[in-house]
Amino acid sequence: MTVIALIVAAGSGQRLGGGLPKQYRLLGSRSLLRRAVEALIGHPRIDAVRVVIGPGQDARAAEALAGLDVGEPIVGGAERAESVANGLAAIPDGIVLVHDAARPFCPPSVVDRLLDALQSHDGAVPVLPVADTLAKGDRVLTGTVERDRLYRVQTPQAFHVEDLRFALEEAGSRRATDESSVLIAAGLRVATVEGDENLHKLTTSSDWERAEMLIAAQMV
Ligand code: CTP
Ligand code: MG
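Just so it is clear: in the sequence shown, position 56 is 967 by the working numbering, and no numbers are missing.
Spelled out as structure tokens, the structure:
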């Protein structure tokens, strides 16, 4: 079955700030988007990588992706969910790995775990345990939350394209932060596989600084 990695890169990077959308900013010597693509493009079990970009960003994307075989960029929407839906509409049936451009260091072993788990599930997502105590409340705490079975969910997330299309249709206009929640809401079975600290999403400037340190120390 065809495996396509769909990298969503149509956001505006508000929380990182700095004018240029973060996916086009240089992280060390290469842009965030280029790093995210390069981490997946050579994987032996991935047939193609496609990229979803913001409207009017063709020149920036072409520069960031020069020489990489990713086909024509797909134009995304105002919300991440819309960008994913536009991407899904542009790819054939098979398996899709939906991935954030904001996660530049995907280890190949995570892709292997996801594709193995997908053989017996409708979807598969990389997760990590929650280390800190989680508490409820506002200015005064009202309790803590059992964290034994709580996870931080990362991307790439693996699905059968038809299942994800069905789940998105079922969800209608209900917004979800990621695709696994849409699949679960549609009654489909999503497996967890072990994630990786290097899959951390770069959201704020401290995430960015940490990523630069990892590159400088040759740890990624
Ligand atoms: N994304 C997208 N289309 C959108 C919004 C987000 O393709 N309309 C993508 C981003 O480019 C990013 C991924 O979804 O690769 C995860 O989103 P996030 O880290 O929130 O990035 P931004 O939305 O760009 O940042 P912010 O929320 O701080 O504005
Ligand atoms: Mg966002």
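Just so it is clear, CB atoms sit at the ideal spot from N, CA and C, and this is done for glycine as well. No experiment lies behind these values; they were computed from the predicted model shown.
Name the one or two DSSP bridge partners that residue i has.
i: Thr1088; result: According to DSSP, Thr1088 bridges with nothing at all.
i: Ile964; result: Ala920 and Val986
i: Phe1016; result: Per DSSP, none; premise fails for Phe1016.
i: Phe1077; result: For Phe1077, which the question treats as bridged, DSSP gives no partner whatsoever.
i: Gly1054; result: Lys1047
i: Ile915; result: Ala959 and Val1007
i: Pro1037; result: Val1104
Relative to the alpha-carbon of residue i, which residue among the options has its alpha-carbon at the smallest distance?
i: Leu1113; options: Ala1097, Leu938 and Ala992; result: Leu938
i: Ile964; options: Gly953, Leu976, Pro955 and Arg956; result: Leu976
i: Pro1018; options: Arg946, Ala1096 and Pro932; result: Arg946
i: Leu1039; options: Glu1057, Ser1117 and Thr1103; result: Thr1103
i: Leu1025; options: Val1007, Phe1016 and His1111; result: Val1007
i: Ile957; options: Glu993, Arg971 and His1010; result: His1010
i: Asp1004; options: Ile915, Gln968 and Gly988; result: Ile915
i: Glu1073; options: Leu1110, Asp1107, Gly1034 and Ser1117; result: Gly1034
i: Arg926; options: Leu1061, Glu1090, Gly978 and Thr1115; result: Thr1115
For the putative contact between residue i and residue j, defined by C-beta atoms under 8 Å, what is the C-beta separation to the nearest angstrom?
i: Val1021; j: Pro1037; result: 5 Å
i: Val981; j: Val948; result: 6 Å
i: Arg1100; j: Gln1065; result: Not confirmed; about 19 Å, so no contact.
Can you check whether the C-beta of residue i is within less than 7 Å of a C-beta belonging to chain D?
i: Ala1087; result: Included in the structure is just one protein chain, with no chain D present.
Does the Cβ of residue i have 16 or more other Cβ atoms within 10 Å, making it buried, or fewer, making it exposed?
i: Gln1068; result: buried
i: Gln1030; result: exposed
i: Ser1084; result: exposed
i: Lys1047; result: exposed
i: Arg991; result: buried
i: Glu1105; result: exposed
i: Pro984; result: buried
i: Glu1120; result: exposed
i: Leu917; result: buried
>> Whether or not the region 1092 to 1108 and the region 1053 to 1061 are in contact is what I'm after, with contact meaning three or more pairs of Cβ atoms, one per stretch, closer than 8 Å; do they touch?
In response: no
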